[in-house]
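Heads up: the sequence shown runs through residues 4 to 224, numbered per our numbering. Contents: one structure, followed by commentary.
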Amino acid sequence: MKVLFITSTRIGDVILSTGLLEYLRKTKTDVEFTIACGPAAAPLFEEFPGLKRLLILDKMIFSLHWLRLWAYTIANFWDIIIDLRNAPISYALLRKRRYGIPRNFINDLRVKRISETLKLSEIASPKIHPSAKAIKLSNQIIPSNCQVLAVGPTANWRAKTWETNYFAELISRLTASSGILPNAYVLLLGREDERPSTLSLIDLIPKNKLIDLVGGVDLLT
4 MKVLFITSTR IGDVILSTGL LEYLRKTKTD VEFTIACGPA AAPLFEEFPG
54 LKRLLILDKM IFSLHWLRLW AYTIANFWDI IIDLRNAPIS YALLRKRRYG
104 IPRNFINDLR VKRISETLKL SEIASPKIHP SAKAIKLSNQ IIPSNCQVLA
154 VGPTANWRAK TWETNYFAEL ISRLTASSGI LPNAYVLLLG REDERPSTLS
204 LIDLIPKNKL IDLVGGVDLL T
C-alpha cells in the first residue's frame, strides 16, 4: 500500500499530525509512506517506520513548490492521499482515496481537527520515533530520576511570543517548592537563530537548574 502524506511546514503543526501517520502504520499492512513537509520539520520523520521517501516542500515563488511536488508524485498510483494542506494539486494525482483536513473546525483543537480527516472516533495522539542515537544523547543530557520542565520560549512570529517576565514568573511558580514540579530542572529549547531572543530568560533561570539546549541539539533529539 502506498500512502502520500502531505503535512505542514511548521514544526508544531507537523508534530500534531503525526498521530494520523501512527494510526495508519498500526492499522494497515505493508505500507510505504511518502511524506511531504517543510524543511524545518523534516528531521522528525527520519526514523519513521515504513518511510519510503521524504519530500521537502521548500516554498518557492508563485507557489511553484506545489508543481514540484506534483512532478515528484505523479508517476505513482496512491492507495491513500492525506492532504493536510488541502492543496488543489493533490486532486491531480492518481489515487484510490484522498482525504483533506476539514475546513469547518475553525474554533476546535487542531489535533481534533486533524483526527477528523479520517473521521476517527478518538483523537490520534502524536507520536515521534527518535533514533537510538537521539535517545542515548537525551539520556546523557537530562538528569535521571528528576523532574524536568521543558520550555520553548520562541515563536515564528513576534506577536505570538510571550514576554520574558511572563515566562520567568510561570517557571518560578511551577518549580517552586509549592509548585507542581518542585525544584525541577528547566529545559530551554529553540533554534540557533532564536538564541538572541532567549538570552534575557536564560539569565533569569538559576544556573544549577538550567539545561540550555537552544540551538544545542538536532530536532529529533
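Beta carbons are placed, not taken as given, at the ideal position from N, Cα and C, and that holds for glycine. Just so we're clear, the structure is a prediction, and the values are computed from it rather than from any experiment.
### Whole-angstrom C-beta distance between F36 and K55, which should lie under 8 Å
On the sequence shown, position 52 is the one that residue 55 refers to. On the sequence shown, position 33 is the one that residue 36 refers to. The Cβ separation is near 6 Å, so the contact holds.
### Task
Just grab the DSSP bridge partners of L192 for me.
By 1-based counting over the sequence shown, the position of residue 192 is 189. For L192, which the question treats as bridged, DSSP gives the partners L216.
### Task
Would you mind giving the Cβ-Cβ distance between L57 and F48, rounded to the nearest angstrom? I have them listed as a contact below 8 Å.
The residue labelled residue 57 in the question sits at position 54 within the sequence shown. The residue labelled residue 48 in the question sits at position 45 within the sequence shown. That pair is a contact at about 6 Å.
### Task
Report the three-state DSSP secondary structure of D86 (helix, strand or coil).
Along the sequence shown, one-based indexing puts residue 86 at 83. Correct three-state label for D86: strand.
### Task
Determine, using beta carbons only, whether K115 and I126 come nearer to each other than 8 Å.
If you number the sequence shown from 1, residue 115 lands on position 112. If you number the sequence shown from 1, residue 126 lands on position 123. Going by C-beta atoms, K115 is nearer than 8 Å to I126.
### Query
Per DSSP, which one or two residues make a beta bridge with Y153?
Within the sequence shown, numbered from 1, the residue matching residue 153 stands at position 150. Correcting the residue type first, residue 153 is Ala in the shown sequence and not Tyr. Answer is L190, bridged to A153.
### Message
Quick check on DSSP: helix, strand or coil for F8?
### Response
Taking the sequence shown and counting its residues from 1, the one referred to as residue 8 is at position 5. Reduced to three states, the DSSP call for F8 is strand.
### Query
Is there contact between the region 171-182 and the region 191-200, where contact requires at least three CB pairs shorter than 8 Å?
no
### Query
How many angstroms separate the CA atom of P52 from the CA atom of I84?
In the sequence shown, residue 52 corresponds to position 49, counting from 1. In the sequence shown, residue 84 corresponds to position 81, counting from 1. Taking the straight line from one Cα to the other gives about 18 Å.
### Query
By a C-beta neighbour count over all protein chains shown, 10 Å radius and 16 as the cutoff for buried, is D165 buried or exposed?
Taking the sequence shown and counting its residues from 1, one reaches residue 165 at position 162. According to the sequence displayed, residue 165 carries Trp and not Asp. W165 is exposed by the Cβ-count criterion.
### Task
Spell out the partners DSSP gives Y102 in its beta bridges.
As a position in the sequence shown, residue 102 is number 99, starting the count at 1. In DSSP, Y102 forms a bridge with I85.
### Query
Per the contact definition of three or more C-beta pairs closer than 8 Å, is the region 180-193 in contact with the region 151-160?
yes
### Message
Beta-carbon within less than 7 Å of R28's beta-carbon, same chain only, minus the 5 sequence neighbours each way: which residues are those?
### Response
One-based indexing of the sequence shown puts residue 28 at position 25. Hits under 7 Å: V34, P52 and G53.
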